[in-house]
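The structure appears below as structure tokens.
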Amino acid sequence: MNLLNIKIKTIMQISRLKKETFKTIPTKPGIYFFYTKKQTLIYIGKATNLRSRVKSYFQGSKTPRPIEEMIDEVATIKWEETDSVLEAIIIEGINIKKHQPKYNVLGKDDKSWNYLVITKEEFPRLKTFRLHDMKQLTEAARKKSFLKLFGPFPNLRAKETMKILQRIFNVSTCKPNQNRPCIYYQMNQCLGVCTGEISAKDYKRKVINPLSLFLSGKKKKLIADLEKDMRLASNHNNYEEAARLRDQIANLKRIHDVTLIDDSFLKTLLPSDKKIRIEGYDISNLGASGLVGSLVVFENGMAQKHEYKKFRIRGVKGQSDVDSLAEVLERRLKHDDWPLPDYFLVDGGKPQVNRAKRVLTAFNLKLPIIGIAKGPTRKKNDFILNPDNKKLQSFVIENENTLIQTRDEAHRFAINYQRQTRRIKRI
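Using our numbering, read the sequence shown as starting at 1226 and increasing by one per residue.
Shown next as structure tokens:
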């Protein structure tokens, strides 16, 4: 079976499953499908860590009766990977709407299901509608108000989802032709609806059409289209538009969506009952005058934003990321009032990991350090750690996606802080 043109993997004969069998399931985010012996689809779910989530159903722990009844019927499991939590939410909603599995429909609560709609205006906007509220509208009212409708999506964190989509696709939230820039225009997240710089036709082509493709689960086609448009813009010497498209493609390939991880994802991230605390570090470097560092904290897979820290690099001459990381770690470790993590995570390879070890040694600390090395065009994340530490290797394998999310969040936080410092300098 091939859903949404994504390769599907299968585990047959659940009753004979051994512990080792689950190792064939990836630890990536994605969607899983439960089928009966007659190949009837009875449930679709999303997961941040597919292996942990699917495995949790078959560990013999006490579960609510509807879930027990469902598990008794499962004979086949299929799954598909996604690149992000946001895509898992979207593809889950698309498939539930298409297939109407029995146990998804039974647990359907109108208040926890939401639609994403594109309004029918000169400059269409993106809005959310609860399933309950949508049911109150007639078909005529829907056609009059909405250009396009997507969903419904279960357990959609509407506010956070809107922010991510608005940032990636430059969806307008301002009034048209006000002749004064809105705050999002100043942040390069509005294409000029407020100032009159973009026509309604171009807005639909540059914003609404790409957004619609993404919400339809067609990210690969969208990226291919954007890459084609980027080459055309560059060939016509429209370098500003080419740069905008380049950045949009990069954002689509590396979606920062940790804010979408809620309780429905939590137990799939870090299955242990013990609270696991990870500190993630990143250095953002735009020349010697633009060096900043970030510290983000994740506890049991959840971002602890109130504990994030920003660092402006003070004592490094030149543009050394390694020396900058050392400074950040030294300043952090001087704070005895900040709780120590179980794991330090740094964005970088062996130089960063080795330097971090030296800093921790100077403070008489023996805590595990993990590095993630990834070039701008490389698809694979290389984890840098002690090859003799089997326990640490096991932790990385089981929690790969959590670690990548932590690294990405540290990168996002550092970039945002750097932009703030640059704006202050310009003022």
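C-beta: ideal position from N, C-alpha, C; glycine also.
Meets three-Cβ-pair contact criterion under 8 Å: the stretch 1347-1366 and the stretch 1305-1313 | Too few Cβ pairs lie closer than 8 Å, so no.
Looking only at C-alpha atoms, which of G1270, F1348, M1295 and T1301 sits nearest to E1312?
-> Within the sequence shown, residue 1312 is the residue found at index 87, counting from 1. Nearest C-alpha to E1312: G1270.
Using DSSP bridges, identify the partner residues of P1379.
-> Within the sequence shown, numbered from 1, the residue matching residue 1379 stands at position 154. Looking at the DSSP assignment, P1379 forms a beta bridge with W1338.
Quick one, which of N1402, R1637 and S1337 has its alpha-carbon nearest V1521's?
-> Mapped onto the sequence shown, residue 1521 falls at position 296. Of the listed residues, the one whose Cα sits closest to V1521 is R1637.
Same chain, Cβ closer than 6 Å to P1379, neighbours up to 5 away in sequence not counted | Stepping through the sequence shown from its first residue, residue 1379 is reached at position 154. Excluding sequence positions up to five before and after P1379, its CB lies within less than 6 Å of the CB of W1338, all in the same chain and listed in chain order.
What separation, rounded to the nearest whole angstrom, lies between the Cα atoms of Y1642 and Y1533?
-> For the purposes of this step, residue 1642 is taken as the residue at position 417 of the sequence shown. For the purposes of this step, residue 1533 is taken as the residue at position 308 of the sequence shown. Rounded to the nearest angstrom, the two C-alpha atoms are 11 Å apart.
Scan the stretch 1344-1399 and note each continuous alpha helix (DSSP H) run of 4 residues or more that stays entirely inside, going in chain order.
-> Qualifying alpha helix (DSSP H) stretches, in chain order: 1356-1360, 1364-1370 and 1383-1394.
Figure out for me which residue from N1413, V1418, N1404 and K1478 has the closest Cα to the Cα of T1398.
-> Residue 1398 sits at position 173 when you count from the first residue of the sequence shown. Among N1413, V1418, N1404 and K1478, the Cα nearest to that of T1398 is on V1418.
Proximity below 8 Å, CB of I1480 to CB of I1423 | Counting from one through the sequence shown, the residue named residue 1480 turns up at place 255. Counting from one through the sequence shown, the residue named residue 1423 turns up at place 198. Going by C-beta atoms, I1480 is not nearer than 8 Å to I1423.
Through-space distance from E1346 to G1518, alpha-carbon basis = Sequence index remark: in the sequence shown, residue 1518 carries index 293 (1-based). Sequence index remark: in the sequence shown, residue 1346 carries index 121 (1-based). Going from the Cα of G1518 to the Cα of E1346 covers about 42 Å.
Assuming I1609 and K1559 make a contact with CB atoms under 8 Å, what is their CB distance in whole Å?
-> In the sequence shown, the residue the question calls residue 1609 occupies position 384. In the sequence shown, the residue the question calls residue 1559 occupies position 334. In this structure, I1609 and K1559 do not form a Cβ contact; the two beta carbons are roughly 25 Å apart against a cut-off of 8 Å.
Where I1423 sits in the DSSP three-state scheme = Position 198 of the sequence shown, counted from the start, is the residue given in the question as residue 1423. Here I1423 sits in coil by DSSP.
Tell me whether G1515 sits in a helix, a strand or coil according to DSSP, three-state version.
-> Residue numbering aside, residue 1515 sits at position 290 when the sequence shown is read from its first letter. Reduced to three states, the DSSP call for G1515 is helix.
Out of T1646, G1543, V1299 and N1395, which has the shortest C-alpha to C-alpha gap to D1472?
-> Position 247 of the sequence shown, counted from the start, is the residue given in the question as residue 1472. Answer by Cα proximity: N1395.
C-alpha distance - Y1268 paired with Q1630, whole-angstrom precision = As a working note, residue 1268 is residue 43 in the sequence shown. As a working note, residue 1630 is residue 405 in the sequence shown. The alpha-carbon atoms of Y1268 and Q1630 are separated by roughly 27 Å.
Rounded to the nearest angstrom, how far is the Cβ of T1420 from that of Y1409, given a contact under 8 Å?
-> Start at 1 with the first residue of the sequence shown, and residue 1420 comes out as number 195. Start at 1 with the first residue of the sequence shown, and residue 1409 comes out as number 184. Contact flag wrong, Cβ pair sits at about 11 Å.
Determine the direct distance from the alpha carbon of K1369 to that of K1616, and round the result to whole angstroms.
-> As a position in the sequence shown, residue 1616 is number 391, starting the count at 1. As a position in the sequence shown, residue 1369 is number 144, starting the count at 1. Roughly 59 Å between the two C-alpha positions.
Through-space distance from E1634 to Q1529, alpha-carbon basis | Translated into the one-based positions of the sequence shown, residue 1529 becomes position 304. Translated into the one-based positions of the sequence shown, residue 1634 becomes position 409. Each residue's Cα considered, the two are about 11 Å apart.
Between which two residues does the alpha helix (DSSP H) harbouring I1316 extend?
-> Position 91 of the sequence shown, counted from the start, is the residue given in the question as residue 1316. Element bounds for I1316: V1310 to H1324.
Expressed to the nearest angstrom, what Euclidean distance is found between the alpha-carbon atoms of K1582 and P1564?
-> Stepping through the sequence shown from its first residue, residue 1582 is reached at position 357. Stepping through the sequence shown from its first residue, residue 1564 is reached at position 339. In a straight line, the C-alpha of K1582 is about 18 Å away from that of P1564.
Can the beta-carbon of T1265 be found closer than 8 Å to that of E1623?
-> To locate residue 1265, count along the sequence shown from 1; it is residue 40. To locate residue 1623, count along the sequence shown from 1; it is residue 398. No. Outside cutoff.
Thinking C-beta only, is V1621 closer than 8 Å to I1595?
-> Locating residue 1595 in the sequence shown gives position 370, where the first residue counts as 1. Locating residue 1621 in the sequence shown gives position 396, where the first residue counts as 1. A contact, by the Cβ cut-off of 8 Å.
Between P1435 and L1451, is the Cβ-Cβ spacing less than 8 Å?
-> Against the sequence shown, residue 1435 aligns to sequence position 210. Against the sequence shown, residue 1451 aligns to sequence position 226. Contact flag set, yes.
Euclidean distance between Cα positions of L1356 and L1585 | The count along the sequence shown starts at 1 and reaches residue 1356 at position 131. The count along the sequence shown starts at 1 and reaches residue 1585 at position 360. Each residue's alpha carbon lies about 52 Å from the other.
In terms of alpha-carbon separation, which member of N1606, F1536, L1470 and K1322 lies closest to D1507?
-> The residue you call residue 1507 lines up with position 282 of the sequence shown. Scanning N1606, F1536, L1470 and K1322 for the CA closest to the CA of D1507 turns up F1536.
Of all the beta strand (DSSP E) runs that stay within the bounds of the stretch 1506-1565, which reach a length of 3 or more residues?
-> For the stretch 1506-1565, whole beta strand (DSSP E) runs of length 3 or above, ordered along the chain, are 1517-1524 and 1534-1537.
Excluding sequence positions up to five away, which residues of its chain have a Cβ less than 8 Å from the Cβ of F1348?
-> By 1-based counting over the sequence shown, the position of residue 1348 is 123. Once the five neighbours on either side are set aside, the close Cβ partners of F1348 are S1397, P1401, V1418, A1425 and Y1428.
Own chain residues within Cβ distance below 6 Å of G1540, not counting five before or after | To locate residue 1540, count along the sequence shown from 1; it is residue 315. For G1540, where only same-chain residues beyond five positions count, the Cβ hits under 6 Å are E1552.
What are the boundary residues of the beta strand (DSSP E) that includes K1303?
-> In the sequence shown, residue 1303 corresponds to position 78, counting from 1. Where K1303 is concerned, the enclosing beta strand (DSSP E) stretches over T1301 to E1306.
Short Cβ contact (8 Å threshold) for I1448 with L1470 = On the sequence shown, residue 1448 is found 223 positions in, with the first residue counted as 1. On the sequence shown, residue 1470 is found 245 positions in, with the first residue counted as 1. No, these two residues do not count as a Cβ contact at 8 Å.
Would I1652 be called buried (16 or more neighbouring beta carbons within 10 Å of its own) or exposed?
-> Sequence index remark: in the sequence shown, residue 1652 carries index 427 (1-based). Note that I1652 scores a pLDDT of 44, beneath 50, so its modelled location is shaky; the value from the coordinates is reported in the next line. Exposed is the call here.
Supposed close pair N1329, I1319 - CB separation, criterion 8 Å = Counting from one through the sequence shown, the residue named residue 1329 turns up at place 104. Counting from one through the sequence shown, the residue named residue 1319 turns up at place 94. Not confirmed; about 12 Å, so no contact.
Rounded to a whole number of angstroms, what is the C-alpha to C-alpha distance between R1276 and N1626?
-> For this step, residue 1276 is matched to residue 51 along the sequence shown. For this step, residue 1626 is matched to residue 401 along the sequence shown. Looking at the two C-alpha atoms, the distance is approximately 11 Å.
Alpha carbon to alpha carbon, what distance is there between R1580 and E1555?
-> Taking the first residue of the sequence shown as 1, we reach residue 1555 at position 330. Taking the first residue of the sequence shown as 1, we reach residue 1580 at position 355. So the alpha carbons of these two residues sit roughly 11 Å apart.
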